[in-house]
Amino acid sequence: VYRGSVKDFQGFDANQDAEALYNAMKGFGSDKEAILDLITSRSNKQRVEICQAYKSLYGKDLIADLKYELTGKFERLIVSLMRPPAYGDAKEIKDAISGVGTDEKCLIEILASRTNQEIHDLVAAYKDAYERDLEADIVGDTSGHFKKMLVVLLQGAREEDDVVSEDLVEQDAKDLLEAGELKWGTDEAQFIYILGRRSRQHLRLVFDEYLKIAGKPIERSIRGELSGDFEKLMLAVVKCIRSKAEYFAERLYKAMKGLGTRDNTLIRIMVSRSEIDMLDIREVFRTKYEKSLYNMIKEDTSGEYKKALLKLCGGDDDAAGEFFPEAAQVAYRMWELSAVKVELRGTVQPAGDFNDDGDAQVLRKAMKGLGTDEGAIIEVVTKRSNAQRQQIIKAYKAHYGRDLMADLKSELSGSLAKLILGLMLTPAQYDAKQLRKAVEGAGTDESVLIEIMATRNNQEIRAINEAYQEAYHKSLEDDLSSDTSGHFKRILVSLALGNRDEGPENPTQAHEDAKKLADVSSNDSSDSLETRFLSILCTRSYPHLCRVFQEFIKMTNHDVEHAIKKRMSGDVRDAFVAIVRSVKNKPAFFADKLYKSMKGAGTDERTLTRIMISRSEIDLFNIRGEFIDLFDKSLHHMIEKDTSGDYRKALLALCGGED
1 VYRGSVKDFQ GFDANQDAEA LYNAMKGFGS DKEAILDLIT SRSNKQRVEI
51 CQAYKSLYGK DLIADLKYEL TGKFERLIVS LMRPPAYGDA KEIKDAISGV
101 GTDEKCLIEI LASRTNQEIH DLVAAYKDAY ERDLEADIVG DTSGHFKKML
151 VVLLQGAREE DDVVSEDLVE QDAKDLLEAG ELKWGTDEAQ FIYILGRRSR
201 QHLRLVFDEY LKIAGKPIER SIRGELSGDF EKLMLAVVKC IRSKAEYFAE
251 RLYKAMKGLG TRDNTLIRIM VSRSEIDMLD IREVFRTKYE KSLYNMIKED
301 TSGEYKKALL KLCGGDDDAA GEFFPEAAQV AYRMWELSAV KVELRGTVQP
351 AGDFNDDGDA QVLRKAMKGL GTDEGAIIEV VTKRSNAQRQ QIIKAYKAHY
401 GRDLMADLKS ELSGSLAKLI LGLMLTPAQY DAKQLRKAVE GAGTDESVLI
451 EIMATRNNQE IRAINEAYQE AYHKSLEDDL SSDTSGHFKR ILVSLALGNR
501 DEGPENPTQA HEDAKKLADV SSNDSSDSLE TRFLSILCTR SYPHLCRVFQ
551 EFIKMTNHDV EHAIKKRMSG DVRDAFVAIV RSVKNKPAFF ADKLYKSMKG
601 AGTDERTLTR IMISRSEIDL FNIRGEFIDL FDKSLHHMIE KDTSGDYRKA
651 LLALCGGED
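FYI, the numbering for the sequence shown is 1 to 659, going by the UniProt record's numbering.
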């Protein structure tokens, strides 16, 4: 099925189009609207014929005339559309390596994403256009392992056999693990050989096998083992093997997000993918970034340049409100990956040679007399496990007859006080306190209720219930019931029971559950959409729900999260989405919340503190990995940039390292 957004124009006449373009450019000024309408609605093959017809009719070079008549980004876009794809790539690479410096990102994007045939055509076009050898030029302009991998890709010799050997898949996954994670130093040659030569189908299975044996995705190992442009190139290769549409969607998003627009990247991708997979890119873009590519272009560009880009885009998926096969395929792959068991790791471990009495003395000394030694307090509290902190509280009381929590409260202030005091509570006490704050007083903090109730396991929920009753002499269920209403209340009360099934998946039941979630035709008021989702999402085990979500995608071509967002609203929608994301990938759910707590103006310190405390001994190490995968920056770096003073020092100690 053709997945480009630009198709052959029906009733095409090269001479007629050449004449229309000539008329649009003759005389004073030019009719830019006529030029963009015509060129963006013709395929590249038809544009090449128009160039030939223009020369035959007028003895002039159409591209030269367009360059003369048009200016700026609009001129670059239109002229790029007139070149055959291989010559367009050749021009991009020539520009990337000409002059002072090299545009490595352009080299990476083109050479990591093109097929063998496209690479062969590119090499030939470069020779024809510039009378130079592309490989020699790249070798002369790059170095090290980055250069070696580019040369491998330039051969256009990736295996294309769809028949995959299971033994070779296992061997390649093992070789990659031994070349990186299990080796002192890194055997870069092994990464280059396997990622540069094996077929796409083979490598997808290698990546799945690698996740099983390494307990982490190949991307995370590449980030840890490789560096610089070589690392970026290998990550691009992996992303293109997994899904070119997802790779280009991410490149387009990054080209437009934030201040300024990377117009060269935007133009290059919109032109080069318009007749290949633009529809797939649009679908993945809409799913991944929750807005359409069309609307992002519309908000980020202007004038004829914007109009031409929107024509190449080919439609607004926000208006369509649909979900498509490529996006479903990406979503399904993510569910499959989430089903693989990955070891969860905290960043705070029990201290070796722990001495509760000694730590109590250090803390007392830090708070005694004039002033407070915050550094000493941070050093002790953040480097001990929660169980060890409970022992320190008892030792402090036995040694000094004083309440450590009260002393810390009187000596510390602000964000640091909240962080340190939170660390001194047991996990259940801390969650109970956060829930109490969320429901007491005027207004309710629904986001806190959702975050805690949707992500805790049965044992944690039961411990929270006990801690809540002990601290506030009320049941958590009663407070949730009195402070919320409707379906949202029912969701929270169901979760507060801590009775989620803990068994394995049941394939037959999963199919039935998916069918139930997908049914939009039921008119039975006692079996509302929300009730059906509640009865499944709040009670089934995590492994079973993973299977349900996979069945849902097979059945509907929709991801269940997309369906929830489309069919529900408000707190009910947010609660169900949180459960789905928690089932799918809990560390990624928390990574997203941490990122949102720090991005933009100001910092949501309550959320930042709450997650750093509650996940520090459970999965904060995994959250760090997801954070850098999702946002291309480390959690450590973002905390360092977004916080200050002793609060920052304590958060970084909990973070446990720079990725």
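Idealized CB from N, CA, C, for every residue including glycine.
| Item | Value |
| --- | --- |
| With a threshold of 16 other CB atoms inside 10 Å of the CB of Gln434, please say whether the residue is buried or exposed. | buried |
| Where are the beta strand (DSSP E) runs, 3 residues long or more, that stay fully inside the stretch 77-113, in chain order? | none |
| If you check the beta carbons only, do Ala245 and Glu109 fall under 8 Å apart? | no |
| Measuring only the C-alpha atoms, how far is Thr142 from Glu250? | 25 Å |
| What beta strand (DSSP E) runs, 3 residues minimum, are completely inside the stretch 377-458? | none |
| Go through its chain and collect everything with a Cβ distance to Tyr542's Cβ below 6 Å, but skip five positions before and after it. | Val583 |
| When you compare only the Cα positions, how much space is there between Tyr253 and Ala398? | 58 Å |
| Quick check: the Cα distance between Thr484 and Asp478, rounded to an integer number of angstroms? | 10 Å |
| Leaving out five residues on either side along the sequence, give the residues of the same chain with a beta carbon under 7 Å from the beta carbon of Ile452. | Asp431, Gln434, Leu435 |
| Here's a check: name, in chain order, each residue in its chain whose Cβ is nearer than 6 Å to the Cβ of Ala308, leaving out the five neighbours to either side. | Leu36, Thr40, Leu77 |
| Apart from the five residues on each side of it in sequence, which residues of its chain come closer than 7 Å, Cβ to Cβ, to Ile378? | Asp646, Lys649, Ala650, Ala653 |
| Considering only residues of the stretch 118-199, which uninterrupted beta strand (DSSP E) runs meet the minimum length of 3 residues and lie entirely inside it, listed in chain order? | none |
| Go through its chain and collect everything with a Cβ distance to Leu57's Cβ below 6 Å, but skip five positions before and after it. | Ala18 |
| Is the beta carbon of Thr347 sitting closer than 8 Å to the one on Cys655? | yes |
| Compute the Euclidean distance between the alpha carbons of Asp133 and Glu104, then round it to the nearest angstrom. | 18 Å |
| Got a sec, what are the start and stop residues for the alpha helix (DSSP H) Asp373 sits in? | Per DSSP, Asp373 belongs to no alpha helix (DSSP H) and is neither H nor E. |
| By DSSP, does Lys262 sit in helix, in strand, or in coil? | The residue you asked about is not Lys; residue 262 is Arg in the sequence shown. Reduced to three states, the DSSP call for Arg262 is coil. |
| Of all the options Lys554, Gln550, Lys565, Asp513, which has the alpha carbon lying nearest to the alpha carbon of Arg540? | Asp513 |
| Under the rule that 16 or more other beta-carbon atoms within 10 Å means buried, what is Met555, buried or exposed? | exposed |
| Can you tell me which of the three DSSP states Tyr647 falls into? | helix |
| Near Ile536, which residues of its chain fall below 6 Å by C-beta distance, leaving aside the five closest residues on each side in sequence? | Asp513 |
| Under DSSP, the alpha helix (DSSP H) around Ala20 begins and ends at which residues? | 14-25 |
| Could you check how far apart the C-beta atoms of Gly144 and Phe230 are, in whole angstroms? I think they sit under 8 Å. | 7 Å |
| Mapping DSSP to helix, strand and coil, what is Val6? | coil |
| Output the distance between the C-alpha atoms of Glu159 and Arg204, rounded to the nearest integer angstrom. | 13 Å |
| Would a C-beta distance cut-off of 8 Å place Ile192 and Lys148 closer than the cut-off? | yes |
| Can you grab the Cα-Cα spacing for the pair Thr102 / Asp316, in whole Å? | 35 Å |
| Since I believe Ile194 is in contact with Asp167 (beta carbons under 8 Å), could you give me their beta-carbon distance rounded to a whole number of angstroms? | Not a contact, Cβ separation roughly 15 Å. |
| Should Arg402 go down as buried or exposed, given a rule of 16 or more other Cβ atoms within 10 Å for buried? | exposed |
| Give me the Cα-Cα distance between Leu635 and Arg624, rounded to the nearest whole angstrom. | 6 Å |
| Quick check: Leu111 and Leu150, are their CB atoms within less than 8 Å of each other? | yes |
| Around the Cβ of Gln459, are there at least 16 other Cβ atoms within 10 angstroms (buried) or fewer (exposed)? | exposed |
| Using the Cα positions of Gly260 and Arg610, report the straight-line distance between them to the nearest angstrom. | 34 Å |
| One question on the structure: do Tyr54 and Leu81 come within less than 8 Å of each other, judged by their Cβ atoms? | no |
| Taking contact to mean 3 or more Cβ pairs, one atom from each stretch, closer than 8 Å, check whether the stretch 594-612 and the stretch 407-424 are in contact. | yes |
| How about Pro217 and Leu226: do their beta carbons lie closer than 8 Å? | no |
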